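Chains as they are written, first to last, in our numbering: chain A, 1 to 284; chain B, 1 to 284; chain C, 1 to 254; chain D, 1 to 254. The C-beta atom is built at its ideal place from N, Cα and C for all residues, glycine as well. The structure displayed is predicted, hence computed values, not measured ones. As structure tokens, the structure follows; a few thoughts come after it.
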Amino acid sequence: MTKVCTLTEAVHTLVRDGDTVVLGTGLEHAIPFAAGHEIIRQRKRNLTLVGPISDILFDQLIGGGCVKKVEAAWIGNVAGGSAYNFRRAVESGAIEMVDHSNLTVALRLQAAAWGVPFLPTRTALGSDLMDNPSLKSMRCPFTNELLVAVAALSPDVAIIHAQRADANGNAYCLGNLGITTQAVGASRRVLLTVEEIVEPEIICERPELVAFSGTCVTAVVKVPFGAHPSPLVGYYHRDDAYFLDYHARSKTPQEFEKWLAEWVSHLPDRAQYLSKIKIEKLRL
Amino acid sequence: MTKVCTLTEAVHTLVRDGDTVVLGTGLEHAIPFAAGHEIIRQRKRNLTLVGPISDILFDQLIGGGCVKKVEAAWIGNVAGGSAYNFRRAVESGAIEMVDHSNLTVALRLQAAAWGVPFLPTRTALGSDLMDNPSLKSMRCPFTNELLVAVAALSPDVAIIHAQRADANGNAYCLGNLGITTQAVGASRRVLLTVEEIVEPEIICERPELVAFSGTCVTAVVKVPFGAHPSPLVGYYHRDDAYFLDYHARSKTPQEFEKWLAEWVSHLPDRAQYLSKIKIEKLRL
Amino acid sequence: MNYTPQELMVAAAARQIQDRELVFVGMRLPMLAFQLAKVTHAPRAVSLFENGLLREASAQAMIYTMGDLPNQIGATWATGLIDVMALLQRGAVEVGFLGGAQIDRFGNLNTTWSNAGERKLRLPGSGGACDIACLAKRVVILMNHEPRRFVERVDYITSPGYGSGGAWRREQGLTGGGPSVLITSKAIFTIDSASKEWVLHSVHPRVSLDEIKQSVGWRLQIAPELRETVPPTSEELSRIRAFDPQGFWTRRAV
Amino acid sequence: MNYTPQELMVAAAARQIQDRELVFVGMRLPMLAFQLAKVTHAPRAVSLFENGLLREASAQAMIYTMGDLPNQIGATWATGLIDVMALLQRGAVEVGFLGGAQIDRFGNLNTTWSNAGERKLRLPGSGGACDIACLAKRVVILMNHEPRRFVERVDYITSPGYGSGGAWRREQGLTGGGPSVLITSKAIFTIDSASKEWVLHSVHPRVSLDEIKQSVGWRLQIAPELRETVPPTSEELSRIRAFDPQGFWTRRAV
């Protein structure tokens with residue numbers, strides 16, 4: 001009984017309509033675009049997306065009709081500016097938005113990962129982010145200082161992309177981690193995509209590089225370049241031109257539909273996607 | 001202006017009479033015995049020791065007359081049983097003891113490292129450990145569940161032993177970490193002893209192995225075998241016989257005084273100490 | 001076949017571990033029990049150590065402490081104490097092992113202070129024991145069977161069992177399941193589901209029921225069909241002796 | 001010497017960084033400012049990125065995002081967001097840089113919602129900006145100087161400045177120092193120590209005082225000895241252009 005399966009199977013089994021899904025946990029690094037595109041292809045609906053900064057993947061999922069709610073700190077295109085599907089959907093009321101700072105969304109997941117119902121912080125005090133049911137003013141039981149209590153959140157699924165893992169899901173996560181460990185610890189199911197699946201003995205050579213226990217992981221899928229167009233430490237650079245092209249081609253719903261057909265809906269799988277890209281230019 | 005100095009200088013400058021000192025943060029691994037012995041030699045007084053499980057180093061510091069208070073989860077000799085100086089001092093009222101679980105002492109430091117005045121937990125509920133001014137019952141502001149609030153603690157000094165660091169104190173900590181990152185983040189000053197000091201470029205090759213930022217470190221001291229008789233991943237095994245010998249030779253104050261003279265007080269430095277040990281047998 | 005009480009305890013403790021379980025191990029006898037379970041019925045059990053280690057493979061040499069290099073080498077995850085305690089606190093750890101200097105009718109453990117006549121004796125303290133007692137789904141307790149250790153009410157609750165019994169744990173807000181089994185050098189006890197006090201489940205070979213009754217400081221409940229404890233098999237014994245060749249933990253005269 | 005307003009802003013921002021400071025950098029112009037400070041007066045300044053990176057050495061190539069490989073390679077510490085935010089929350093970060101779509105008299109920033117006549121425009125949100133605004137010892141703000149961005153009161157406080165002025169931050173429990181300097185494409189502002197509103201500190205070359213006064217939505221305080229902003233030196237300009245050869249961030253026509 002192994003956790004290793006195909007991306008199609010993993011998304012089919014782990015991501016269900018109406019789920020709360022945390023993804024893009026590395027901020028602009030190691031974003032699980034391959035898994036995100038598979039969610040769009042499988043026409044998942046009414047998802048709640050949770051994340052800190054998610055470059056353009058949230059925008060694509062919103063444009064793909066998968067999303068009813070977003071709970072995040074920042075949604076845009078870091079190099080380009082606005083995320084147009086997101087703007088349109090929030091301004092029209094088509095999706096619900098719950099605003100966070102990076103730290104408050106991280107603490108929602110950290111609380112759940114630690115098994116406590118809340119964690120205190122000094123951020124967000126005095127800001128309008130406090131208009132959020134998961135943030136409450138409180139006083140320290142020892143010092144009486146004003147603090148913000150952040151309620152725990154346990155997503156249904158976390159989707160993570162990493163460099164390598166064994167078949168049990170023990171993964172090396174190289175480079176910055178963002179809120180990856182918190183997301184894995186908080187979620188009921190974890191879908192892990194990796195560049196390479198290796199033997200457990202390889203992982204045990206440097207157990208300090210393992211970011212979370214494989215006991216938390218539900219499915220492990222080998223997806224080379226699974227984070228493209230975002231960068232991945234040790235494997236490939238960011239595809240800057242792709243982000244700028246997406247920015248130009250998502251300004252109207254009509255343009256976005258064409259982009260989506262070309263890059264997601266009409267492609268059967270990731271292999272076809274990669275054949276459209278000069279991937280060797282990005283490889284380290 | 002470098003942080004690199006001798007152990008004598010570092011202990012002289014960083015550890016002051018009356019200080020709160022956290023050490024033994026790796027539990028039974030990487031215990032900073034060399035620095036602890038230097039504290040005894042320099043006759044520091046009225047220290048408060050903080051730690052989770054500290055194998056025999058706390059016992060030696062207590063026997064050396066350096067300690068007025070201990071705030072910890074477990075004090076003993078893991079292989080042998082009792083820590084006799086500790087027992088004598090607590091039973092006679094010579095030192096004050098504040099009892100913790102491993103998690104509550106870790107959370108005191110984690111709270112300070114995070115810059116919040118407390119953190120909540122579900123441990124210790126219903127236990128007599130609650131008879132501790134840094135633990136208080138509270139209710140979750142969201143769920144109303146019973147929890148324990150653990151007050152932040154900022155020690156004056158953390159003493160850490162690691163494998164290697166650069167001159168700024170950016171350290172690779174290999175093997176289990178215990179509460180090392182929490183202790184470093186919580187403390188006003190950090191005394192780091194290491195097996196090797198290396199160039200920053202070496203550290204930057206694998207920044208995932210750096211356990212804390214060198215910006216938190218006050219002094220960096222090269223002390224080979226600085227954790228003996230405790231083990232250090234990548235460098236040396238635990239000296240089991242030494243622990244058992246200490247156990248046998250600390251049963252009475254008189255025996256302990258002889259042990260202390262032989263192994264600490266009458267030795268000028270760590271080099272002399274190491275010359276008394278068959279260190280090659282322990283080296284990896 | 002000859003075996004020591006400690007060897008029987010290790011074999012009985014190993015049977016408490018099921019395959020694929022995440023186990024908070026601790027040192028001494030539970031460590032041997034975990035190693036034994038791995039090579040017999042629970043090859044995919046995973047061990048967790050509070051210093052910050054998780055192992056899928058067994059350690060390859062005898063260890064005195066969880067920080068010893070044979071426990072570090074081949075670990076699957078090397079991290080900090082809080083990451084490991086987080087698994088415990090969020091309910092992911094199926095079973096934790098504990099010992100103690102003193103235990104009472106409701107499974108509360110004391111490893112902090114004990115009263116010896118006039119004198120108060122200081123013990124090492126909780127370590128991670130309180131955390132495991134509060135937070136693990138099940139707790140298995142191993143103790144040497146000496147009458148002074150089995151009292152109506154412990155002098156100090158280091159590691160909560162069922163407090164004063166009944167719904168006490170829920171009232172305190174405790175989320176872990178509490179003690180499920182007590183394995184001593186003379187007998188095995190389980191918990192009465194309503195009163196939450198110990199029930200004598202089985203008596204080890206060559207131990208009399210009276211001896212057990214007289215050794216505990218309260219009126220002991222006894223299971224309707226009291227059994228004799230299943231002794232270790234020869235395979236179990238040879239495995240245990242391979243892990244602890246000097247009998248350091250199992251006190252076997254070699 | 002010719003330079004763009006963005007190049008002047010970068011040079012002015014770099015001067016806000018002192019040697020050895022721990023700096024929460026962010027992207028775009030502040031990133032260039034940090035790089036410039038490192039090669040001029042602050043070689044030992046340390047940069048911190050909310051994705052979980054700390055760098056003692058500068059990045060060796062132009063980056064679009066903090067996750068780009070030139071920012072990862074040569075990092076001193078690769079960790080998680082909370083570890084970096086912990087440095088901020090415990091008061092270890094001397095200065096953080098922010099931008100914004102809208103700013104008000106008391107330094108409050110809005111990057112969430114803005115009102116354009118009837119329509120509400122959705123902006124990207126806080127990211128780490130609220131955290132930096134709440135927790136850094138000093139905050140330096142860089143903004144393009146367009147009148148619609150400078151209002152009496154922001155529509156939404158994403159990143160708190162001084163709220164309604166005076167002791168507001170202390171009353172809210174905020175531990176960070178709040179905004180210290182605002183660098184726009186036309187002028188530099190500092191904070192009045194009592195009222196906590198902006199004071200016009202210097203006007204950039206070729207910009208008139210009247211233009212500034214008319215561009216803000218409140219009655220602007222002006223420093224008694226109003227200066228002209230020191231323009232970037234030729235060394236600063238050549239450094240900036242080496243970091244951003246295409247003028248991607250500094251909008252320089254090449």
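Coil, strand or helix - residue i by DSSP
i         : result
Arg122(C) : strand
Asp131(D) : helix
Asp245(B) : helix
Ser316(A) : For residue 316(A) there is no data in the structure shown, the boundaries of chain A being 1 and 284.
Thr123(A) : coil
Met31(D)  : helix
Ala223(D) : strand
Lys276(A) : coil
Trp114(B) : helix
Phe189(D) : strand
Phe106(D) : coil
Asp156(B) : coil
Thr175(D) : coil
Gly117(D) : coil
Ala167(D) : coil
Phe248(C) : coil
Thr184(D) : strand
Partners in chain A for residue i, counting only beta-carbon separations shorter than 9 Å
i         : result
Gln89(D)  : Leu103, Thr121, Arg122 and Thr123
Gly178(C) : Within 9 Å Cβ-Cβ: nothing; Gly178(C) doesn't reach chain A, min ~17 Å.
Ala106(B) : Neighbours of Ala106(B) on chain A: none; closest Cβ ~11 Å, over 9 Å.
Neighbour list for residue i in chain D, Cβ cutoff strictly below 9 Å
i        : result
Trp74(A) : Thr111, Pro124, Gly125, Ser126, Gly127, Gly128 and Ala129
Spatially closest choice to residue i from the options, by CA coordinates
i         : options                                       : result
Tyr235(A) : Glu208(A), Cys173(A), Lys258(A) and Val217(A) : Cys173(A)
Ser164(D) : Gly107(D), Ser193(D), Ala136(D) and Pro205(D) : Gly107(D)
Phe118(B) : Thr25(A), Cys140(A) and Leu109(A)             : Cys140(A)
Gly178(C) : Thr76(C), Pro5(C) and Val93(C)                : Val93(C)
Asp287(A) : Gly65(A), Trp114(A) and Val50(A)              : A question about residue 287(A) goes unanswered here, because the residues of chain A that appear run from 1 up to 284.
Gly166(D) : Leu29(D), Asp192(D), Ser215(D) and Leu226(D)  : Asp192(D)
Glu28(A)  : Pro155(A), Val21(A), Pro52(A) and Asp128(A)   : Pro52(A)
Arg20(D)  : Phe33(B), Arg41(B) and Asn168(B)              : Asn168(B)
Gly115(A) : Asp104(C), Met85(C) and Ser202(C)             : Met85(C)
Asp156(A) : Lys3(A), Glu9(A), Leu23(A) and Leu7(A)        : Leu23(A)
Interface partners of residue i on chain B, CB under 7 Å
i        : result
Val46(D) : Thr215
Partner residues on chain C for residue i, Cβ-Cβ distance less than 8 Å
i         : result
Asn176(A) : In chain order: nothing, as chain C lies at least about 17 Å away.
Within chain B, partners of residue i - CB distance below 8 Å
i        : result
Gln72(C) : His29, Gly175, Asn176, Pro231 and Val233
Chain B contact residues for residue i, given Cβ-Cβ distances below 9 Å
i         : result
Thr40(D)  : By Cβ distance, chain B contributes nothing, its closest Cβ being about 19 Å from Thr40(D), past 9 Å.
Leu147(A) : Val116, Pro117 and Phe118
Within chain C, partners of residue i - CB distance below 9 Å
i        : result
Glu91(B) : Arg119, Lys120, Leu121 and Arg122
Within chain A, the residues that residue i reaches when beta carbons sit closer than 8 Å
i         : result
Tyr156(D) : Asp128
Contacts that residue i makes with chain C (C-beta to C-beta distance below 7 Å)
i         : result
Ala287(B) : Within the shown structure, residues of chain B are numbered from 1 to 284, placing residue 287(B) beyond reach of any answer.
Closer than 7 Å at the beta carbon, the chain D residues around residue i
i         : result
Ile179(A) : Gly80 and Leu81
Contact list for residue i against chain A, beta-carbon separation under 7 Å
i        : result
Ala86(C) : Ala113, Trp114, Gly115 and Gly185
Closer than 8 Å at the beta carbon, the chain D residues around residue i
i        : result
His78(A) : Checking the sequence shown, residue 78(A) turns out to be Val, not His. Simply Met27, Tyr64 and Thr65.
The segment 242-251 of chain B contacting the segment 187-204 of chain B, beta-carbon criterion three pairs below 8 Å: no
Meets three-Cβ-pair contact criterion under 8 Å: the segment 172-191 of chain A and the segment 140-151 of chain A: no
Complete beta strand (DSSP E) runs within the segment 59-85 of chain D (minimum length 3 residues, chain order): none
Residues, ordered as in the chain, of the segment 196-220 of chain B that lie near chain E by beta-carbon distance below 9 Å: Within the model displayed, chain E is absent; protein chains A, B, C and D are what it includes.
Complete beta strand (DSSP E) runs within the segment 37-90 of chain B (minimum length 3 residues, chain order): Segments of the beta strand (DSSP E) lying fully in the segment 37-90 of chain B: 47-54 and 67-75.
Contact the segment 223-237 of chain A vs the segment 69-83 of chain D: 3+ CB pairs below 8 Å: yes
The segment 40-57 of chain C touching the segment 76-91 of chain C, judged by at least three CB pairs closer than 8 Å: yes
Touch test, the segment 220-235 of chain C against the segment 198-213 of chain D, Cβ-Cβ under 8 Å, three pairs minimum: no
Every unbroken alpha helix (DSSP H) inside the segment 143-216 of chain B [4 residues or more]: Secondary structure remark: continuous alpha helix (DSSP H) runs of at least 4 residues inside the segment 143-216 of chain B, in chain order: 180-186 and 200-204.
Cβ contact (3+ pairs, closer than 8 Å) linking the segment 121-137 of chain C and the segment 98-112 of chain B: yes
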